[in-house]
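Residue numbering for the sequence shown follows the working numbering, beginning at -12 and increasing consecutively.
Don't be surprised by glycine CBs; every beta carbon is placed ideally from N, CA and C.
Since we're looking at a predicted model, the values are computed, not measured.
Inspection log for the structure reproduced underneath, given as structure tokens.
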Amino acid sequence: MMKRNIAVIFGGDSPEHEVSVDSGHAISANMDKKLFNPLPLYVDRRGRWFLTDRFSFVKEKKICKKGEVFLRPNRGLLLKSGVKIRPLKIYKAFPIIHGQSGEDGRLQGSLEIGRVPYVGSGVFSSALCMNKIAAKIYAGKLDIPLLPHVIVRRGEKVPRPSFKYPVFVKPVSLGSSIGVFRADSYGELVRSVNKCLKFEGEIMIEKGVDKAREIVCGILERNGRLASSPCGMIVPRRKFYDYKAKYLDDKGFHLFIPARIEPKVSESIREMSGNLFKAVSAKGLARVDFLMDKKDWRKFYFCEINTLPGFTSHSLYPAVWERAGISMKNLITILLEGD
Ligand SMILES: Nc1ncnc2c1ncn2[C@@H]1O[C@H](COP(=O)(O)OP(=O)(O)O)[C@@H](O)[C@H]1O
Ligand SMILES: [Mg+2]
């Protein structure tokens, strides 16, 4: 059988650039080479696309550019190297750009315009899940427990929330804990809101779960059917699971797979995650995150749904599937062979 070319699209203009480079690398490296031929497409911070050297990229500096890639409306991808321009024949794209422009439907929309088939959620579902308020509305319709929140927009007075402190202040559609602050008093809240509004014009003040444990569940579409992974549990060792804990500090958190929670709770989280995946019309893969009360492990709340979860060799999504007996290699094959 002919090997099928897969464009792994990684990098991008979000603060999660480096994470995406690692995800792109892990996906290319772990792809089943008997079936597929990975073509790494690096998107630089200015948004330009380049075909790179197969496995030599590790960090941005070392990315070797073999030519610039363009998208033609209705006609796929073109590679321009020197003065030569030729079509880049691919079977499917695997976009793995985390954060705004890669995960909110814009990249998916570009691929649709080029008629390039791709892994993961479409335009609508990506945009919906990127918006934390919209995702909560969908989760609420399914009776998934939610924390109350209020929305604040630039120029508005900071309201005194009707719920108790601590509260969390967070942008509506960023990721990686960027612009997320905990506040324990109204004074702190006002300062946090002002800082957060620098990142985005619409933010939310959410009731906080003190010293929350985070429960994550991976969803995978396999032959048109949904599978829920075992739950993973993150116990942050910092004040919360902030950017530093996520990416900079190896000892920033403890990870338990399976999560140390009652089987009944874990079952309902897995079921709710699958139901939400369907309700938001997600495709292929997603990771659904919940916050759990430190004192009462039966109390948990929906936090967010990520349609392009981290895919590095130490990311949560591949880890929960590994535990279910699906290696990264199999995981990638399942995603590439799905429709
Ligand atoms: N309501 C909350 N209570 C407690 N911790 C929270 C709350 N909201 C967010 N956090 C903490 O902030 C982190 C980032 O928030 P999250 O909503 O997951 O945004 P992001 O998209 O940036 O990951 C979470 O992983 C969690 O540690
Ligand atoms: Mg999160």
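Check                                                                                                 : Outcome
The alpha helix (DSSP H) enclosing Ser68, as first and last residue numbers                           : Careful: Ser68 lies outside any alpha helix (DSSP H), inside the beta strand (DSSP E) at 63 to 68.
Cβ contact check for the segment 242 to 255 and the segment 149 to 166: 3 or more pairs under 8 Å     : no
Distance between beta carbons of Ala126 and Leu133, contact taken as under 8 Å                        : 6 Å
Segments of 4+ residues assigned as alpha helix (DSSP H) that fall wholly inside the segment 69 to 97 : 87 to 90
His136, enclosing beta strand (DSSP E) - first and last residue                                       : 136 to 140
Residue(s) in a DSSP beta bridge with Cys204                                                          : Val275
Closer than 7 Å: Leu134 CB and nearest ligand 1 heavy atom                                            : yes
Length-filtered (4 minimum) alpha helix (DSSP H) runs lying within the segment 215 to 276             : 250 to 266
Sheet register partners of Gly188 (DSSP bridge)                                                       : Paired residue(s): none; Gly188 is not in a bridge.
Exposure of Ser149, with buried meaning 16 or more beta-carbon neighbours within 10 Å                 : exposed
Environment of Ser15 [buried if 16+ CB atoms lie within 10 Å]                                         : buried
For Leu295, three-class secondary structure by DSSP                                                   : coil
Extent of the continuous alpha helix (DSSP H) run through Asn(-8)                                     : Per DSSP, Asn(-8) belongs to no alpha helix (DSSP H); it is in the beta strand (DSSP E), -9 to -2.
First through last residue of the alpha helix (DSSP H) which encompasses Ala199                       : Per DSSP, Ala199 belongs to no alpha helix (DSSP H) and is neither H nor E.
Leu161 beta carbon near ligand 1 (any heavy atom closer than 7 Å)                                     : yes
Lys286: first and last residue of the uninterrupted beta strand (DSSP E) it sits in                   : Careful: Lys286 lies outside any beta strand (DSSP E) and carries neither H nor E.
Under 8 Å between C-beta atoms of Phe298 and Ala121                                                   : no
Local Cβ density within 10 Å of Asn262, reported as buried at 16 or more and exposed below that       : buried
Status (buried if at least 16 other CB within 10 Å, exposed otherwise) for His4                       : buried
Start and end residues, beta strand (DSSP E) containing Pro27                                         : 23 to 30
First through last residue of the beta strand (DSSP E) which encompasses Gly54                        : 52 to 59
Cβ-Cβ distance between Gly86 and Lys270 below 8 Å                                                     : no
Residue environment, His136, which counts as buried when at least 16 other CB atoms sit within 10 Å   : buried
Burial state of Asp229 (16 or more Cβ within 10 Å)                                                    : buried
Length of the line joining the Cα atoms of Met18 and Phe243                                           : 26 Å
Cβ-heavy atom distance, Lys194 to ligand 1, below 7 Å                                                 : yes
Cβ-Cβ distance between Ile206 and Ser260 below 8 Å                                                    : yes
Presumed contact (8 Å Cβ cut-off) between Asp0 and Ser88, rounded CB distance                         : 6 Å
Span of the beta strand (DSSP E) around Phe111                                                        : First-last for Phe111: 110 to 117, but that is the alpha helix (DSSP H), not the beta strand (DSSP E).
Spatial distance of Phe287 from Val167 (CA atoms)                                                     : 20 Å
Integer Cβ distance of Pro217 from Arg310, believed to fall under 8 Å                                 : 5 Å
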